[in-house]
Amino acid sequence: MQEREKELIEKLAEERLLTEEEFEQLIVLSDEEARELIASLATKQRQAVFQDAIYTRGLIEISSICKNNCYYCGIRRDNCLAERYRLTQEEIISCAGEGYELGFRTFVLQGGEDAFFTDDVLCDIVASLKELYPDCAVTLSMGERSRDSYKALFDAGADRYLLRHETADRKHYGSLHPAEMSFDNRMRCLRDLRDIGYQVGCGFMVGSPYQTPGTIAKDLRFIGDFRPEMCGIGPFIPHRNTPFKDESAGSLEMTLFLLSVIRLMLPDVLLPATTALGTVDHGGREKGILAGANVVMPNLSPVSVRKKYELYDNKICTGEESAQCRGCLEERVKAVGCRLVVDRGDSPRVRKTITEEKCNNGKI
Ligand code: 5AD
Ligand code: FES
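In terms of our numbering, the numbers along the sequence shown are unbroken and rise by one, the last being 345.
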């Protein structure tokens, strides 16, 4: 490891932010020794905030129908070979019920931008989940919507929203998406979600086509400035029926390195070891935890639809029952010295606010 690299990692650990130029240098210089150093600092940071707890979220993929045409995504509109499905409200509730029995206390409803899920329909689903499982958090990951829509869903009980920014570089955004999709609208959505009061998650793919150390540096600065409660990053993996079918996948090593960078920037961030990371490497999720991740998101979708929600090729866990994934992850997490907890797993920042409010109310 070069002296400069060590200096930058130490500065990041101490000051929690670098300049864009410094981030770029850090990425260009990163080698195995640097990855080991940063992973050990990031793991210490994770342990200081969360001890050995790893949070789980039950992912329910509610629709593979999408009006968008992102160049990287397997469920893009123009992929006429994709099999489309949409879960009914009853099916969604039954997946959540199964998840509850298995110890999940957060449900993530994720889907393509499917016009069927109007505010009324989605609010109804959110409200019934909150009524049935009042001790659970509901996270939505349903793409770009209007501010009014986000507000209605929040009022119906949704706690968190995941919307990856995909890239913080406008030009790069334009090379990942068709012209009808707008970088400004993506950013508007994230600001609205934050204003409304959601715990917000942003994120990006590692190794997406046209990504450079410069664009990653911008992503890191964006994350450092926006300070999301959650941050989803995973390797880009090509899908055979997309314009990016011949591009190469993002690397395990760079993803791990960036997980560690993000943990050092935001010590209390909720940082998943993603399914994509487990897809590029059999032990990817365990390695993710050892690089600073503290969340895993196993699939609760009915096995009959899992193969159809195929954002990228060779996605893991498409044949396993929910209980199998839960058991499998419990073992994997144990193997790296951590434990899966039965907990909503709110952001510590929000938990603090909730506790403070309770205390103040108590005094009055
Ligand atoms: N490889 C990896 N991640 C992908 N996503 C979409 N397509 C791919 C792919 N080919 C990610 C995007 C999206 C999230 C739901 O999945 O970042 O925001
Ligand atoms: Fe699904 Fe391991 S997490 S089988």
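Here a beta-carbon is modelled for each residue, glycine too, at the ideal position from N, C-alpha and C.
Which complete alpha helix (DSSP H) runs does the stretch 225 to 283 hold, if anything under 4 residues is left out? 233 to 246, 256 to 261, 265 to 271
According to DSSP, is residue 88 part of a helix, a strand, or is it coil? In this structure, DSSP gives residue 88 an extended state, which the three-state scheme calls strand.
In this structure, how does DSSP classify residue 142 when only helix, strand and coil are distinguished? strand
Which residues mark the beginning and the end of the beta strand (DSSP E) in which residue 212 is found? Residue 212 -> beta strand (DSSP E) spans 211 to 216.
Cβ pair count under 8 Å reaching 3, the stretch 185 to 205 against the stretch 25 to 43: no
May I ask whether a heavy atom of the ligand FES can be found less than 7 Å away from the beta carbon of residue 305? Shortest gap from the CB of residue 305 to any heavy atom of the ligand FES: under 7 Å.
By Cβ distance, which residues of its chain are closer than 8 Å to residue 226, with the 5 residues on each side in sequence left out? 219, 220
Which whole-angstrom value describes the C-beta separation of residue 216 and residue 157, a residue pair presumed to lie in contact below a C-beta threshold of 8 Å? Going by Cβ atoms, the distance from residue 216 to residue 157 rounds to 15 Å, so no, they are not a contact pair.
With a threshold of 16 other CB atoms inside 10 Å of the CB of residue 23, please say whether the residue is buried or exposed. buried
Roughly how many angstroms lie between the CA atoms of residue 264 and residue 309, to the nearest whole one? Approximately 12 Å between the Cα atoms of the pair.
So the beta strand (DSSP E) residue 301 belongs to, where does it begin and stop? Unbroken run through residue 301: none, as it is neither H nor E.
Drop a sphere of 10 angstroms on the beta-carbon of residue 295, count the other beta-carbons inside from all chains shown, and report buried for 16 or more, exposed for fewer. Under this definition residue 295 is an exposed residue.
Hey, quick one: how far does the beta strand (DSSP E) through residue 180 stretch, first residue to last? Start and end: 180 to 187.
Between 149, 116, 178, 47, which has its C-alpha nearest residue 124's C-alpha? The candidate whose alpha carbon is nearest that of residue 124 is 47.
From what residue to what residue does the beta strand (DSSP E) around residue 42 run? 39 to 44
Please indicate yes or no: does the CB of residue 237 lie closer than 7 Å to some heavy atom of the ligand 5AD? no
So who's on the other strand from residue 8, going by DSSP bridges? None; residue 8 has no bridge partner.
Excluding the 5 residues flanking residue 222 on each side, which residues of the same chain have their C-beta closer than 6 Å to its C-beta? 60, 62
Verify the contact flag: residue 98, CB atom, against every heavy atom of the ligand 5AD, threshold strictly below 7 Å. no
Nearest neighbour of residue 184, chosen from 234, -10, 210, 58 [CA to CA]: Checked all of 234, -10, 210, 58; the closest Cα to residue 184 is 210.
Rounded distance between the beta-carbons of residue 180 and residue 327, thought under 8 Å: Contact between residue 327 and residue 180 holds, with the beta-carbon distance rounding to 7 Å and staying under 8 Å.
Neighbourhood of residue 116 by C-beta distance below 8 Å, restricted to the same chain and skipping five residues each side: 86, 325
Rounded C-beta distance between residue 214 and residue 239? I'm assuming under 8 Å. 6 Å
Rounded to a whole number of angstroms, what is the C-alpha to C-alpha distance between residue 8 and residue 75? 44 Å
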